[in-house]
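Chemist: Sharing a structure with you now.
Numbering (the UniProt record's numbering), first residue to last: 1 to 154.
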């Protein structure tokens with residue numbers, strides 16, 4: 001399934017209540033986790049010390065930061081949808097976000113997204129996207145919630 005292309009508010013409106021798409025998988029390597037730890041100054045051993053995690057962690061592996069998983073949402077969203085004719089797009093917030101299970105180092109995740117609601121706020125499109133970040137070959141989601149974006153069409 002290719003990207004959904006949106007050129008206007010009217011195009012967006014047609015998708016309300018529909019599944020928009022699914023991204024490709026992306027692997028969460030130890031290198032990516034370490035870079036995120038450096039960027040956020042969160043070097044908790046459960047994320048960065050593979051030897052200790054093998055012995056002391058209930059997962060017997062390091063795990064990705066939950067916020068690393070969340071931070072990949074814009075990248076994965078961009079694989080699903082292309083919104084044209086914009087002045088700008090703003091990440092407005094999150095609702096009902098819950099981490100379901102940790103992502104072990106080396107596992108791959110992907111995004112599934114559904115347009116839950118769309119509102120016109122004086123010419124700004126407020127899109128509420130119900131999303132899930134799935135872990136490859138795992139029944140439980142890594143993360144679920146509602147991402148809210150503001151689209152400023154030209």
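Every residue, glycine too, gets a C-beta built ideally from N, C-alpha and C.
Just so we're clear, the structure is a prediction, and the values are computed from it rather than from any experiment.
To the nearest whole angstrom, what separates the beta carbons of residue 95 and residue 145, a pair I think is in contact under 8 Å?
Modeler: In the chain shown, the residue the question calls residue 95 occupies position 95. In the chain shown, the residue the question calls residue 145 occupies position 145. About 6 Å; that satisfies the 8 Å criterion.
Chemist: For the UniProt domain "MaoC-like" (12–123), list the beta strand (DSSP E) runs that are entirely contained and at least 3 residues long, ordered along the chain.
Modeler: Counting whole runs of 3 or more residues, the UniProt domain "MaoC-like" (12–123) contains the beta strand (DSSP E) stretches 19–22, 81–83, 86–99, 108–121.
Chemist: How would you label residue 83, buried or exposed, when you count the other beta carbons within 10 angstroms and need 16 or more for buried?
Modeler: Within the chain shown, numbered from 1, the residue matching residue 83 stands at position 83. With 16 or more other Cβ atoms within 10 Å, it is buried.
Chemist: Residue range of the beta strand (DSSP E) that residue 145 falls in?
Modeler: Here the question's residue 145 lines up with position 145 in the chain shown. Element bounds for residue 145: 143–153.
Chemist: May I have the straight-line CA-CA distance separating residue 67 from residue 8, to the nearest angstrom?
Modeler: Here residue 67 corresponds to residue number 67 of the chain shown, with the count starting at 1. Here residue 8 corresponds to residue number 8 of the chain shown, with the count starting at 1. Rounded to the nearest angstrom, the two C-alpha atoms are 31 Å apart.
Chemist: Would residue 134 and residue 148 be called neighbours here (beta carbons separated by less than 7 Å)?
Modeler: Numbered from its first residue, the chain shown carries residue 134 at position 134. Numbered from its first residue, the chain shown carries residue 148 at position 148. No, these two residues do not count as a Cβ contact at 7 Å.
Chemist: Rank 69, 33, 13, 28 by C-alpha distance to the C-alpha of residue 142 and give the top, closest one.
Modeler: For this step, residue 142 is matched to residue 142 along the chain shown. Among 69, 33, 13, 28, the Cα nearest to that of residue 142 is on 69.
Chemist: Quick test of the definition: if touching needs 3 or more C-beta pairs under 8 Å, does the region 40–54 touch the region 10–25?
Modeler: no
Chemist: Going along the chain, which residues of its own chain have a beta-carbon closer than 6 Å to the beta-carbon of residue 177, five neighbours each way excluded?
Modeler: What is shown of the chain runs 1 to 154, which leaves residue 177 out entirely.
Chemist: Can we say the region 51–67 touches the region 116–127, given the rule of at least three CB pairs closer than 8 Å?
Modeler: no
Chemist: Please tell me whether residue 12 and residue 113 are closer than 7 Å, where the distance is taken between their beta carbons.
Modeler: Position 12 of the chain shown, counted from the start, is the residue given in the question as residue 12. Position 113 of the chain shown, counted from the start, is the residue given in the question as residue 113. Between residue 12 and residue 113, the gap from beta carbon to beta carbon reaches 7 Å or more.
Chemist: Would residue 87 and residue 152 qualify as a contact pair, given that the criterion is a beta-carbon distance under 7 Å?
Modeler: As a first step, residue 87 must be located in the chain shown, where it is residue number 87. As a first step, residue 152 must be located in the chain shown, where it is residue number 152. Pairing residue 87 with residue 152 gives a Cβ-Cβ distance under 7 Å.
Chemist: Whole angstroms is fine: what's the gap from residue 76's alpha carbon to residue 111's?
Modeler: By one-based count along the chain shown, residue 76 stands at place 76. By one-based count along the chain shown, residue 111 stands at place 111. Distance between the alpha carbons of residue 76 and residue 111: 6 Å.
Chemist: Whose CA, out of 73, 27, 3, lies closest to the CA of residue 97?
Modeler: Translated into the one-based positions of the chain shown, residue 97 becomes position 97. Of 73, 27, 3, the residue nearest in Cα terms is 73.
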